[in-house]
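Everything below concerns the one structure shown next.
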Amino acid sequence: MNLSESLAQSVNTYYFDLAMRLGIDRIAADLGRMGFGQPTGIDLTGEASGVLPSREWKQRRFRQVWFPGETVIAGIGQGYWVVTPLQLAQGTAMLAGGGMLRRPHLVRATQAGFGAPRLPVPQPPAQRVVADAAHLAAVNEGLVATMHGPTGTAVRAAEGAWYRMAGKTGTAQRVGRRGDERLDPNALPYHLRHLALFVGFAPVEAPTIALVVVVEQGGSGAAAAAPVARRIFDAWMGPAPDRAAAPVGQAAEPVGQAAEPLP
Numbered sequence: 552m553n554l555s556e557s558l559a560q561s562v563n564t565y566y567f568d569l570a571m572r573l574g575i576d577r578i579a580a581d582l583g584r585m586g587f588g589q590p591t592g593i594d595l596t597g598e599a600s601g602v603l604p605s606r607e608w609k610q611r612r613f614r615q616v617w618f619p620g621e622t623v624i625a626g627i628g629q630g631y632w633v634v635t636p637l638q639l640a641q642g643t644a645m646l647a648g649g650g651m652l653r654r655p656h657l658v659r660a661t662q663a664g665f666g667a668p669r670l671p672v673p674q675p676p677a678q679r680v681v682a683d684a685a686h687l688a689a690v691n692e693g694l695v696a697t698m699h700g701p702t703g704t705a706v707r708a709a710e711g712a713w714y715r716m717a718g719k720t721g722t723a724q725r726v727g728r729r730g731d732e733r734l735d736p737n738a739l740p741y742h743l744r745h746l747a748l749f750v751g752f753a754p755v756e757a758p759t760i761a762l763v764v765v766v767e768q769g770g771s772g773a774a775a776a777a778p779v780a781r782r783i784f785d786a787w788m789g790p791a792p793d794r795a796a797a798p799v800g801q802a803a804e805p806v807g808q809a810a811e812p813l814p
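For the sequence shown, this note's numbering begins at 552 and goes up steadily by one.
This is the structure:
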């Protein structure tokens, strides 16, 4: 199994092994460059920074050493790691934008009063955080296969779309369990049920939107969060170009060749 296949099928064991081979120091350094563990800098007050765990962070926070098992679960975003939805959206936009990290913002321009000129709010230039195009392509191939591949976890959410989308489903646990313990998420008290997650962008060929969906107590990202993302994508992308161009009351030409008439 390769990286792209592991993303499409959401194979945790692949990332357990990968995390141990990389080590927590490299994981923390790479994710730090991608904006995690720090505010994005959006023009809102009170933004949380999240937690990007490392040996140094744990020693400072708990005065404890880092254990190998903590690296394993960090490989799937569990353990001490805390991320905000906005950080996930920023990271997803980075993948969609060729490895360039951009600061999210809401205000395009300011105006001192009626009749005053509108002054654009300058934004810092984007920073390249992924230099190897092959690495980026392998990740994005997996995100596309998640939505359109034969074994992707969110294939159902992408069915019938006229455009191609890329995405990744996720599930964040609120309660721990023993390694050999079986746990039915739906049997948990409501406030302890899993968070359903989905990140994605569209269209694949020239992305214009990146998003993150978090459904509290939603359970599975594929079942709860991905369908919400599909509705957002559809609203953003609009109808298929051939349908949008058809005059009112007139059907657009079907895609593909017409069947031969029956004899």
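Note that CB positions come from ideal geometry on N, CA and C, so glycine has one too.
Output the boundary residues of the alpha helix (DSSP H) element that contains residue i.
i	result
R782	777 to 788
V763	Unbroken run through V763 is the beta strand (DSSP E), 760 to 766; no alpha helix (DSSP H).
Q615	No alpha helix (DSSP H) holds Q615; DSSP gives it neither H nor E.
S555	554 to 560
I575	575 to 584
A684	684 to 699
A712	From DSSP, A712 is part of no alpha helix (DSSP H); its letter is neither H nor E.
Measure the C-alpha to C-alpha separation of residue i and residue j and round it to an integer number of angstroms.
i	j	result
Q560	M552	10 Å
D576	L687	21 Å
Y566	A689	15 Å
W617	R606	5 Å
G772	P668	46 Å
V766	A774	10 Å
T720	P790	25 Å
L582	G666	45 Å
S557	N563	8 Å
G649	D683	10 Å
G664	L739	54 Å
L646	E621	26 Å
T661	A644	25 Å
A747	P671	37 Å
G751	D594	23 Å
A753	L603	28 Å
D785	S555	25 Å
T697	T759	19 Å
R659	G693	34 Å
P673	G711	40 Å
A685	W608	31 Å
M571	V681	21 Å
Are any of the Cβ atoms in chain D nearer than 9 Å to that of residue i?
i	result
V750	The chain inventory of the structure shown lacks chain D, comprising one protein chain alone.
For residue i, which residues from the same chain have a beta carbon less than 6 Å from its beta carbon, with the 5 sequence-adjacent residues on both sides left out?
i	result
V779	V764
P675	R654
P814	For P814, the predicted structure reports a pLDDT of 37, less than 50, and the residue's modelled location is therefore unreliable. A value from the coordinates is still provided. There are no such residues.
V695	A717, V755
R781	A708
Q589	S600
What residues match up with residue i in a beta bridge as DSSP calls it?
i	result
V633	V602
P671	A660
R679	M651
Residues in the same chain with beta-carbon distance under 7 Å from residue i, minus the five sequence neighbours each way, listed in chain order, please.
i	result
Y741	Q768
E804	Note that E804 scores 46 on pLDDT, short of 50, meaning its location in the model is unreliable and no value can be drawn from it.
L569	G626
I624	G630
G586	Q638, Q641, G642, L652
I783	L762
Let's see if you can read the secondary structure: which residues bound the beta strand (DSSP E) around residue i?
i	result
T720	717 to 723
L748	746 to 753
Quick check: does the Cβ of residue i come within less than 8 Å of any heavy atom belonging to the ligand GTP?
i	result
V562	Within the structure as shown, the ligand GTP is missing, as the structure has no ligands at all.
Within the same chain, show all residues whose beta-carbon is closer than 8 Å to that of residue i, passing over the 5 residues directly before and after it, in chain order.
i	result
W787	A753, T759, I760
Is the stretch 623 to 631 touching the stretch 698 to 706 in the sense that three or more CB pairs, one from each, lie closer than 8 Å?
no
Would you call the stretch 635 to 652 and the stretch 608 to 615 touching, i.e. three or more CB-CB distances under 8 Å?
Output reads no: the stretch 608 to 615 does not touch the stretch 635 to 652.
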